[in-house]
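Enquirer: Here it is: the structure, laid out below.
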Amino acid sequence: MSGLVTSSEGRVLRLTLDRAEKRNALSTPLCAAIVEACEEADQDPGVGAILLEARGPVFCSGMDLTEVMEPGIFERTVVHEQLFTLGARLATPIVAAVQGPALAGGTGLVANAHVVIAAQGAQFGLTEVRIGLWPYVIYRALSAALGDRRTLELSLTGRIFSVNDARDWGLVHEVVPVIELDDRATAVAQHLANLPGSVIARGLTFVRQARGLDHDDAGRLAREMRAANFASEDFEEGVRAFTEKRRPAWPSNAGG
6 MSGLVTSSEG
16 RVLRLTLDRA
26 EKRNALSTPL
36 CAAIVEACEE
46 ADQDPGVGAI
56 LLEARGPVFC
66 SGMDLTEVME
76 PGIFERTVVH
86 EQLFTLGARL
96 ATPIVAAVQG
106 PALAGGTGLV
116 ANAHVVIAAQ
126 GAQFGLTEVR
136 IGLWPYVIYR
146 ALSAALGDRR
156 TLELSLTGRI
166 FSVNDARDWG
176 LVHEVVPVIE
186 LDDRATAVAQ
196 HLANLPGSVI
206 ARGLTFVRQA
216 RGLDHDDAGR
226 LAREMRAANF
236 ASEDFEEGVR
246 AFTEKRRPAW
256 PSNAGG
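Position one of the sequence shown corresponds to residue 6 (our numbering), numbered consecutively onward.
Next comes the structure, spelled out in structure tokens:
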């Protein structure tokens, strides 16, 4: 079994890490299942948001160390690369609901979410150095979330940091009591899912493609994508709904 439970609630796809007895460690089957579910959702117009959560007291303890000495490290690295670039590759927003520790690869999962809601008492850390490893495959996502200097310091020290630090540094967007975590994260995911899907997808695509471009090329891309947005049915409906003082019925979400 992969250790991933999936369910759909309207336009929200809920992905639940279900290896509580293993502290939701990221086995290869679990990594592959997350990647497959997210990539399939990204191609499904009926999915407007992905909600990532976990069962048990630990969100995710990182890589499953029982696999480390087994053959096939290259194949596992490929799957890990796919997993820890989901946030940069997907045009569907990911919301993470984090309870308890999210360490090493668990912190990498959090960094790949576009919106992160965490419970009071949650903890984070790039702890790979403690076992003689560098956080290679999660480094880019953490650097995008925290900045180069902070990510380097955390990678060097391997220290665990609090949910309040994570919020102050930009890794976490909102901290709530544990009892409110599911309701709040679900509400955020549903809100994102009910926004115009084509606009969200185009916006996330712009963010991905604009990274690393020089000033002129980034401006050219922005103009092109803005023109496409102006010409979209969703924009037309949004303006019409605003002038008519009613809730929009987004064409790109129809049937979802």
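Each residue gets a CB set at the ideal place from its N, CA and C atoms; glycine is no exception.
Whole angstroms are fine: how far does the CA of Ile99 sit from the CA of Ala71?
Expert: In the sequence on display, residue 71 carries Thr and not Ala. Their Cα atoms are separated by approximately 28 Å.
Enquirer: Please list, in chain order, all residues of the same chain as Glu45 whose beta carbon is under 7 Å from its beta carbon, the five residues on each side excluded.
Expert: none
Enquirer: Along the alpha helix (DSSP H) that carries Ser160, what are the first and last residues, could you check?
Expert: Asp153 to Thr162
Enquirer: Ala198 and Gly15 - do their beta-carbons sit closer together than 8 Å?
Expert: Result yes, Cβ atoms of Gly15 and Ala198 sit closer than 8 Å.
Enquirer: So the candidates are Phe79, Leu114 and Thr97; which of them puts its Cα closest to the Cα of Val52?
Expert: Thr97
Enquirer: With three or more beta-carbon pairs closer than 8 Å as the criterion, would you say the stretch 175-188 touches the stretch 136-146?
Expert: no
Enquirer: Quick one, which of Met74, Thr132 and Val121 has its alpha-carbon nearest Ser66's?
Expert: Thr132
Enquirer: Helix, strand or coil for Val73, going by three-state DSSP, please let me know.
Expert: coil
Enquirer: How many Å lie between Leu157 and Gly217 at the Cα?
Expert: 20 Å
Enquirer: With distances taken from CA atoms, which of Gly110, Val103 and Leu108 is nearest Gln125?
Expert: Val103
Enquirer: Sorted by chain position, which residues of the same chain lie with C-beta nearer than 7 Å to Trp255's C-beta, five sequence neighbours on each side aside?
Expert: Pro201, Gly202, Asp239 and Glu242
Enquirer: At what residue ranges does the stretch 160-214 contain a whole run of the beta strand (DSSP E), taking only runs of 3 or more?
Expert: 165-167 and 179-181
Enquirer: Within 10 angstroms of the Cβ of Asp221, are there 16 or more other Cβ atoms? Answer buried if so, exposed if not.
Expert: exposed
Enquirer: Assign Thr97 to one of three DSSP states: helix, strand, or coil.
Expert: coil
Enquirer: What is the DSSP secondary structure of Val52, counted as helix, strand or coil?
Expert: coil
Enquirer: If you measure between the beta carbons of Leu56 and Thr248, is that distance less than 8 Å?
Expert: no
Enquirer: Are Ser7 and Leu35 touching if we call contact CB-CB under 8 Å?
Expert: yes
Enquirer: CA-CA distance, Arg154 and Ala246?
Expert: 45 Å
Enquirer: Which residue or residues does DSSP assign as beta-bridge partners of Leu108?
Expert: In DSSP, Leu108 forms a bridge with Gly130.
Enquirer: Measuring CB to CB, does His107 end up less than 8 Å from Phe129?
Expert: Looking at the sequence provided, one finds Ala at residue 107 rather than His. One thing to note: Ala107 has its Cβ within 8 Å of the Cβ of Phe129.
Enquirer: Can the beta-carbon of Glu42 be found closer than 8 Å to that of Leu95?
Expert: What sits at residue 42 in the sequence shown is Ala, not Glu. Taking 8 Å as the Cβ cut-off, Ala42 and Leu95 do not qualify as a contacting pair.
Enquirer: From the DSSP output, in three-state form, read off Leu22 for me.
Expert: strand
Enquirer: Taking the straight line between their C-alpha atoms, what separation do you get for Thr21 and Glu86?
Expert: 20 Å
Enquirer: Locate the alpha helix (DSSP H) running through Ile39, then write down its first and last residues.
Expert: Thr33 to Asp47
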